[in-house]
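For reference, the structure discussed in these notes is given below.
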Amino acid sequence: MPTATPTPGKRLLDPSNHALILIDFQSQMAFATKSIDAVALRNNAALVSQAAAGFKVPTILTTVAEKSFSGPMFDEIIEAFAGQPMLDRTSMNIWEDAAVIARVNEIGSSRIVLAGLWTSVCIVGPALSALEQGYDVAVIADACGDVSSEAHERAMERMIQAGAVPMTSLQYLLELQRDWARSETYDLTTGIAKKFGGAYGLGIIYAKSMFDASEGH
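This is how it looks when you write it as structure tokens:
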């Protein structure tokens, strides 16, 4: 019989054990995205970006045909990673782009977390490629979108069957924090949740305003 210990599982994310890749959050790609409302998509992209930037997760920002066709990254992402260059490319699969792969190797993490547009093309490509090369892959499902719900769901199923792990944007933030006793990032986490965490964020605002309550106390 195993003996339980108060230690986190190795499969959990923390700020130092993965690289985040945000892919093609661009206006032209968003126009045709129908599996998720554009407001929710931008909110979730902002939540993930603020979480990664705040926790200093190594993050790669990549666009496709930014100047000639697809337009700039969402402002919410640009603001979170102020001054960080975008890696623009021509390939639909970022894993086939030399500049992106050079950055992946520079970061040197064996775990990759993906989010972006579209799920069935620009997320499936790197997910399957990275898995085949021995990486652990997670996909933030509600920070991805596609031309239809069918396209998004079949893409998620395809990646899961290949070994990718699905998660959500709020889950990503809370997994990085994981312990409310970590006071150095407490205000960061609750601040992001209040702004982008939907009903959960409203609950934090209410509790703090009415009772001066704190998570974990």
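Sequence positions in the sequence shown follow numbering that gives the first Met the number 0 and run 0 to 216.
All residues carry an ideal CB built from backbone N, CA and C; glycine is no exception.
The model shown is predicted, which means the values in this text are computed figures rather than measured ones.
Scanning the region 145-195 from its first residue to its last, the whole beta strand (DSSP E) runs of 3-plus residues come out as 164-166.
Inter-segment contact for the region 32-51 and the region 131-144 is present: three or more beta-carbon pairs are separated by less than 8 Å. In this structure, Met85 places its C-beta atom within 8 Å of the C-beta atom of Leu60.
In the assembly as shown, Leu19 is a buried residue. Its beta-carbon has 16 or more other beta-carbons within 10 Å. Note on Gln49: 16 or more other CB atoms within 10 angstroms of its CB, so buried under the neighbour-count rule.
Residue environment for Pro125: buried (at least 16 other C-beta atoms within 10 angstroms of its C-beta). In the three-state DSSP reduction, Gly115 falls in the strand class (E or B).
Comparing C-alpha distances from Trp179 to each of Thr189, Ile93, Asp13 shows the shortest one belongs to Thr189. Where Asp74 is concerned, the enclosing alpha helix (DSSP H) starts and stops at 74-79.
The Cβ atoms of Ala98 and Ala79 do not sit closer than 8 Å to each other. Counting the other Cβ atoms within 10 Å of the Cβ of Gly107 gives fewer than 16, which makes it exposed.
Annotated three-state conformation of Ala52 is helix, per DSSP. Residue environment analysis places Met158 among the buried positions, since at least 16 neighbouring C-beta atoms fall within 10 angstroms of its C-beta. Counting of Cβ neighbours within 10 angstroms places Leu201 among the exposed residues, the total staying below 16. The alpha carbon of Gln25 has as its nearest neighbour, out of Ser69, Gly8, Pro5, Asp36, the alpha carbon of Ser69. Distances from the CA of Leu21 to each of Ala129, Ala154, Ile122, Ile203 were compared; the closest alpha carbon is that of Ile122. Looking at Asn92, Glu75, Ser208, Leu11, the one whose alpha-carbon comes closest to that of Tyr171 is Leu11.
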